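Protein sequence lines correspond, in order, to chains A and B. The number in this note's numbering is simply the position in the first sequence, starting from 1, with 1194 added. The number in this note's numbering is simply the position in the second sequence, starting from 1, with 2 added. Here a beta-carbon is modelled for each residue, glycine too, at the ideal position from N, C-alpha and C. Values in this document were obtained by computation on a predicted structure and should not be read as measured data. All remarks here apply to the structure that follows.
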Amino acid sequence: MPSFTLRKKQMTPGTVIFIICAVIFGLLLMLALYNTFRRAAARISGDYYFPYMKVIKKAETALADQALLSHSKITLAKAVERLQKENTELATKTALLMTLQEENMKLRELAGITQKGIFKPVFAETLVRDPATWSELFTIDKGSEHGINTGDLVVAPAEIPSTSRFTVAVVGRIKSVAKHTSVVCTVISNECNLSVSLPASQVSGVMEGTGLSAGLFPSVKFLPIKGKYRNGELVTTSAFSEYCPPGLYVGNLAAWSDGTVSVEKDHIFAESRLKPLINPDEVRFVAVYSRTRKR
Amino acid sequence: MIKIIYILLFTTAAVFLETALRTYGVILPLAAPLVFYCAVAFGPYYGAVTALLCGCGLDFLSGHTHPVTAVTLGFVVVFAMFWLHKVESESVSLHVVPGALLPLIAWLPAAFFVSGTSLDQILSHASDLVIACILSAFILPVVIVVLDALNKRLEIELYSNAKIRLRYFK
């Protein structure tokens, strides 16, 4: 009995604090281990299942090629001619743009301005999609061995509405990278944030995905409160982020049902919503702008 | 050793097929019947390992941040143990009932979580879920018959002997 009374008296405040600290440390350790496990498991899963998922894509491509052969020779010859003409036009434009890019780099060097990052497009195809997150996430078949990094911009070709011109528009950003695969979070996903600018209003802001539960319109936040914004105003990537080439089409501002284009938030900034140019549901082929040179 | 390779092989196949079908918009839980089978035939620990491997494969391949499916497949292990201990019948055809419930246990909670707790998103897949339940109801008995036939040749535990083992070791 006396020894039992003695044991009860040994629970000093110091012991209690020690136990609490040990529990907190244990929880933090478990959290750190869980994060490490999660990252490792994500990379291993992506690389382990890549060959099997790629087989399906190859089978799909082979079937598509067979279906193509069912067209008549005249149809195929006309398609080849049209593509050759488009290729020649694009090659001519690219040659001009390369000249302008070199001139820009020389002028920046002369003026003592920091060089912009150089981006190299890596072409990829969607590999895996989940119906539960169809519009928000998808996996592509290129990874770190192709130069892709987390945060790189993902684009796809899109037609500009009410014109017959095609352009490259933003689909989303790279969320995580394995050796052979990468996960893309689209502009709809609440994990996608992008620095954007409105060329017509000459202002910049931040586009934040709102998730599918909030609708298909990401928010454009931190716009100047006194700006006058129009419905349908063009939104492009801004030059502030080193992860994204500037000037790429993201979408257009969309008014709410009552006609308002922007709302005041916290008396500090204005917020609007964006209608993305590309519907992420329909994307199959993408290009990832990977940085080959940092600022 | 055979059991471990067996589980790895069928986990890879189940995750690959289920992910491939999901990429084409078809929701058909194939990992859940495998987890159910392994839990009953080999025990809850093997079932839990199968659930962890399948769940991590399915979630991380689809780009989800957290392995929620591993948790929901853990519920399948619990359900399997309940079925083993509480249901007296040994008829394979009666497994239509747990088979039909597997998509509701394995896919629905995970989809609800990863879609940002969006009920609209889940309701948009309601028809897919009904079809998944109907198909899964037939897949589970087929999985049991096929894997038991294979297990007999490999001389490892059978699903159909699980209740007998339970009575014997009680």
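Those runs of the beta strand (DSSP E) which lie wholly inside the segment 1264–1344 of chain A and span at least 3 residues:
Those beta strand (DSSP E) runs which fall completely within the segment 1264–1344 of chain A and span 3+ residues are 1312–1322 and 1331–1334.
Return no unless some Cβ of chain B is closer than 8 Å to the Cβ of A/A1289.
no
Three-state secondary structure (DSSP) of A/A1481:
Judged by DSSP in its simplified three-state form, A/A1481 adopts strand.
Candidates A/Y1228, A/N1473, A/A1481 and A/T1206: closest to A/P1355 by CA position
A/N1473
Buried or exposed: B/P35, going by 16 or more other Cβ atoms within 10 Å of its Cβ?
buried
Apply the 10 Å Cβ neighbour rule to A/P1207 and answer buried if 16 or more other Cβ atoms are within range, or exposed otherwise.
exposed
So the alpha helix (DSSP H) B/C56 belongs to, where does it begin and stop?
P46 to S64
Proximity test, Cβ basis, 8 Å: B/F18 and chain A
yes
Delimiting residues of the beta strand (DSSP E) encompassing A/N1425:
No beta strand (DSSP E) contains A/N1425, which DSSP labels as neither H nor E.
Beta-carbon of A/I1250 versus every beta-carbon of chain B: anything under 8 Å?
Residue-level contact check: A/I1250 touches chain B, since one or more beta carbons of chain B fall below 8 Å from its beta carbon.
Give every residue of the same chain whose Cβ lies closer than 7 Å to the Cβ of B/L54, excluding the five residues on either side of it in the sequence, and list them in chain order.
A72
So, with DSSP's three-state summary, where would you put A/I1211?
helix
Segment limits, alpha helix (DSSP H) that includes B/G76:
V70 to K88
Between the Cα of A/V1322 and those of B/Y26, B/P143 and B/A82, spot the shortest distance and give me the residue it belongs to.
B/Y26
Only counting the same chain, and skipping five residues up and downstream in sequence, which positions put a Cβ closer than 6 Å to that of B/L142?
P35, H97 and G101
Going by the CB atoms, is the gap between A/F1463 and A/F1416 shorter than 8 Å?
yes
CB contact check: B/P69 to chain A, cutoff 8 Å
yes
Considering just the uninterrupted stretch of the beta strand (DSSP E) at A/Y1443, what are its terminal residues?
Residues Y1443 to A1448.
CB-CB under 8 Å to A/R1467, same chain, minus the five flanking residues each way: which ones, in chain order?
Within the same chain, and ignoring the five residues on either side of A/R1467 in sequence, the residues whose Cβ sits closer than 8 Å to its Cβ are F1411, P1412, S1413, V1414, L1447, A1448 and W1450.
Let me see if you follow: with CB-CB separation under 8 Å, is A/R1323 close to chain B or not?
In terms of beta-carbon proximity, A/R1323 lines the interface with chain B, with at least one pair separated by less than 8 Å.
Opening and closing residue of the alpha helix (DSSP H) in which B/I107 lies:
First-last of the alpha helix (DSSP H) with B/I107: V98 to A108.
Using a Cβ-Cβ cutoff of less than 8 Å, which residues in the same chain neighbour B/I7 once the five nearest sequence positions on both sides are dropped?
Around B/I7: no qualifying Cβ.
Rounded to whole angstroms, what is the Cα-Cα separation between B/D122 and B/L110?
13 Å
Would a check of beta-carbon distances place A/R1232 closer than 8 Å to chain B?
yes
CA-to-CA distance, A/V1365 to A/K1459, given in whole angstroms:
Straight-line measurement puts the Cα of A/V1365 at about 27 Å from the Cα of A/K1459.
Whether A/V1377 touches A/S1370 by CB criterion (8 Å):
yes
Could you work out which residue in A/M1299, A/L1347, A/I1312 and A/L1442 is closest to A/T1380 when comparing CA atoms only?
A/L1347
Determine the burial state of B/D61: buried for a count of at least 16 other Cβ atoms within 10 Å of its Cβ, exposed for fewer.
buried
Flag B/N163 as yes when its Cβ comes closer than 7 Å to any non-hydrogen atom of the ligand SAM, and as no otherwise.
Ligands are entirely absent from the displayed structure, and the ligand SAM is therefore not among its contents.
Mind checking if B/V37 is an interface residue toward chain A, Cβ cutoff 8 Å exclusive?
No, because no Cβ of chain A sits closer than 8 Å to the Cβ of B/V37.
Cross-strand partners of A/V1390 (DSSP beta bridge):
A/G1399 and A/T1431
For chain B, is any of its Cβ atoms less than 8 Å away from the one on A/R1489?
Annotation note: pLDDT 43 at A/R1489 (below 50); position unreliable, coordinate value reported separately. So, not an interface residue.
The segment 1429–1437 of chain A touching the segment 1387–1401 of chain A, judged by at least three CB pairs closer than 8 Å:
yes
Residue interval of the alpha helix (DSSP H) (run including B/K5):
Counting along the chain, B/K5 sits inside the alpha helix (DSSP H) bounded by residues I4 to T25.
DSSP three-state assignment for A/T1361, whether helix, strand or coil
If DSSP states are grouped into helix, strand and coil, A/T1361 belongs with the strands.
Quick check on A/G1405: does DSSP put it in helix, strand or coil?
coil
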